[in-house]
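Everything below concerns the one structure shown next.
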Amino acid sequence: MNRAAIDLWVGIFVALGLGALLFLALKVGNLAATDVGETYALTARFDNIGGLKVRAPVKSAGVVVGRVGEIRFDPENYVALVSLQIDKRYQFPRDTFATINTSGLLGEQYVGFEPGGDSEMLKAGDEVKKTQSAMVLEKLISQFMFNKAAEDGKQ
Amino acid sequence: MKATDYLRRLGHFVTDRLWRLGFASRFLLMTVLYSGTALKRFQLTIREIYFTGVLSLIIILVSGLFVGMVLGLQGYDTLQRYGSSEALGILVALSLVRELGPVVAALLFASRAGSAITAEIGLMKATEQLSAMEMMAVNPIARVVAPRFWAGVISMPLLAALFSAMGVFGGYLVGVQLIGVDEGSFWSQMQAAVDFRQDVLNGVIKSVVFGALVSWIAVFEGYDAEPTAEGVSGATTRTVVTSSLAILAADFVLTAFMFRGV
Chain B
1 MNRAAIDLWV GIFVALGLGA LLFLALKVGN LAATDVGETY ALTARFDNIG
51 GLKVRAPVKS AGVVVGRVGE IRFDPENYVA LVSLQIDKRY QFPRDTFATI
101 NTSGLLGEQY VGFEPGGDSE MLKAGDEVKK TQSAMVLEKL ISQFMFNKAA
151 EDGKQ
Chain X
1001 MKATDYLRRL GHFVTDRLWR LGFASRFLLM TVLYSGTALK RFQLTIREIY
1051 FTGVLSLIII LVSGLFVGMV LGLQGYDTLQ RYGSSEALGI LVALSLVREL
1101 GPVVAALLFA SRAGSAITAE IGLMKATEQL SAMEMMAVNP IARVVAPRFW
1151 AGVISMPLLA ALFSAMGVFG GYLVGVQLIG VDEGSFWSQM QAAVDFRQDV
1201 LNGVIKSVVF GALVSWIAVF EGYDAEPTAE GVSGATTRTV VTSSLAILAA
1251 DFVLTAFMFR GV
């Protein structure tokens, strides 16, 4: 095997390998889709965040508009303090309603934004005042069972 | 035999292993220190990339394809019981990119290329080619060992990426083309679940570590082989066994650091 042929084969090998990496990054992974670009921070307080995780998406009308930045416990009010990194391209009214939703019955949890009608917009560092906690499946089921038992008791 | 004999044997065993580990570490340090030639005269390393990387391509690509196809069949069989056969893409891609790609490619690399490196260097030693180089004031570590070491470190991540890509393609062939999982949700669920930094990049880091481990063990066993036919065959076996165990152990440690469920 002469030197030129070896060089050619190694070149093909390296190109194939880098091509495979690119395939993994773009087609298999989400390198192309994740970048939310420049962001500004909002905060929100929730009574219960359920299984919300850092880097979970923030969606409005089903479109990803940001990511959950940080989740802390507020020891004074005993609530969860969630910081949200929102894409700079999108502005939301001051009376936007933030809910914690689940995609599918058992899927991952995300923060949903339902914009209100206020003419003033939320600025960086503002707090989303109107929030709704995560739906905890166990609580719902136990409530349902409790009601059912109460009904049966009446009869 | 008295009890002290057993204890002495145990002590001898432990000190012997420790001594060998220390020797191997010093050997690695020498290899890295004398890598100047391998990197400056890169043609030497390119030649070795041909022998370790390019000639391993066929086995890596074919194994990747079959592993991906089996994952597709087995994964579908389990997932469809829970009515979530669209998650097949996630299952195939995550298991390949995180674990199977780096680990299986490294195991194949150890048996395909690592054993060859050990046998080559061991035979060079047995036929006194290494001593001849020293006589001519050519440092055999710089001329023979370092290019092979770096070729392994460079080839391994590329081979692992090819293995994973081929596996995902195999899973796609079986899942979408053969069984009929919806193509759109196969890819979109996969893309939503596989994170570039968390999954793909960690897989690449793993494969670089495995490449360095396998090449290190291979060149060391070859250089340390007894210069007889028997010695070389023993060293080749040790390369495959030791590097396979080292890959699996290192994989556990790396996984524990990378994916702690956060």
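If you read the protein sequences in the order shown, they are chains B and X. Those letters in the first sequence? Residues 1 to 155, per the numbering used here, in order. Those letters in the second sequence? Residues 1001 to 1262, per the numbering used here, in order. Backbone N, C-alpha and C define an ideal beta-carbon position, used for all residues, glycine too.
| Item | Value |
| --- | --- |
| Backbone CA spacing between Val1262(X) and Tyr1050(X) [nearest angstrom] | For Val1262(X), the predicted structure reports a pLDDT of 48, less than 50, and the residue's modelled location is therefore unreliable. The matter cannot be settled from this model. |
| Contacts of Ala1192(X) in chain B (Cβ-Cβ under 7 Å) | Asn30 |
| Contacting residues, own chain, Cβ-Cβ under 7 Å from Phe1210(X) (five flanking each side not counted) | Pro1102, Ala1106, Met1156, Ile1247, Ala1250 |
| Beta-carbon contacts of Leu1158(X) that lie in its chain and below 8 Å, excluding the five residues immediately before and after | Gly1053 |
| Residue environment, Met121(B), which counts as buried when at least 16 other CB atoms sit within 10 Å | exposed |
| Residue-level contact to chain X via CB, Gly117(B), 8 Å cutoff | no |
| Same chain only: Cβ atoms within 8 Å of Thr43(B), ignoring 5 sequence neighbours per side | Leu81, Val82, Ser83, Leu84, Gly125, Asp126, Glu127, Val128 |
| Between the CA atoms of Ala5(B) and Arg1143(X) - distance to the nearest angstrom | 22 Å |
| Cβ-based neighbour list, Leu1242(X), same chain, cut-off 6 Å, excluding 5 preceding and 5 following | The sequence shown places Thr at residue 1242(X), not Leu. The answer, listed in chain order, is Ile1217. |
| The segment 58 to 70 of chain B in contact with the segment 86 to 105 of chain B per 3-pair CB rule at 8 Å | yes |
| Closest Cα partner of Val79(B) within the set Asp87(B), Asn48(B), Gln143(B), Lys154(B) | Asn48(B) |
| Beta-carbon spacing of Gly1089(X), Gly1231(X) below 8 Å | no |
| Helix, strand or coil at Lys148(B) according to DSSP, with G and I counted as helix | helix |
| 8 Å Cβ cutoff, Phe23(B) in contact with chain X | yes |
| C-beta neighbour in chain B for Val1097(X), strict 8 Å | yes |
| Minimum Cβ-Cβ distance from Phe73(B) to chain X less than 8 Å | no |
| Given 8 Å, three or more beta-carbon pairs between the segment 1024 to 1040 of chain X and the segment 1062 to 1078 of chain X | no |
| Neighbour-count burial assignment, Asn147(B), 16 or more Cβ in a 10 Å radius | exposed |
| Which residues DSSP lists as bridging Gln1080(X), in chain order | Answer by DSSP bridge pairing: none, since Gln1080(X) is not bridged. |
| Cβ of Arg1047(X) within 8 Å of any chain B Cβ | yes |
| CB contact below 8 Å: Ile49(B) versus chain X | no |
| Identified DSSP bridge partners for Gly66(B) | Val58(B), Ile86(B) |
| Outcome for Gly17(B) when other beta-carbon atoms lying within 10 angstroms are tallied against a minimum of 16 | buried |
| Chain-ordered residues of the segment 1047 to 1068 of chain X with a beta carbon less than 7 Å from chain B | Arg1047, Ile1049, Tyr1050, Gly1053, Val1054, Leu1057 |
| Residue burial classification, Lys53(B) (beta-carbon count within 10 angstroms, cutoff 16) | exposed |
| Euclidean distance between Cα positions of Ala1225(X) and Val1145(X) | 14 Å |
| C-beta neighbour in chain X for Ile141(B), strict 8 Å | no |
| Residue closest to Gly1152(X), alpha-carbon to alpha-carbon, out of Asn77(B), Ser119(B), Val14(B) | Val14(B) |
| Whether Val1181(X) touches Glu1086(X) by CB criterion (8 Å) | yes |
| Below-8 Å beta-carbon distance, Val156(B) vs any chain X residue | The structure shown does not extend to residue 156(B), since chain B spans only 1 to 155, so no value can be given for it. |
| CB contact below 8 Å: Phe1210(X) versus chain B | no |
| Residue from Val111(B), Lys130(B), Leu26(B) with nearest C-alpha to Asp118(B) | Lys130(B) |
| Within chain B, the residues that Asp1199(X) reaches when beta carbons sit closer than 7 Å | Gly29 |
| Beta carbon proximity, Leu137(B) to chain X, threshold 8 Å | no |
| Inter-residue spacing [alpha-carbon to alpha-carbon] between Val1092(X) and Phe1252(X) | 20 Å |
| Beta-carbon proximity of Val1104(X) to Ser1063(X), cut-off 8 Å | yes |
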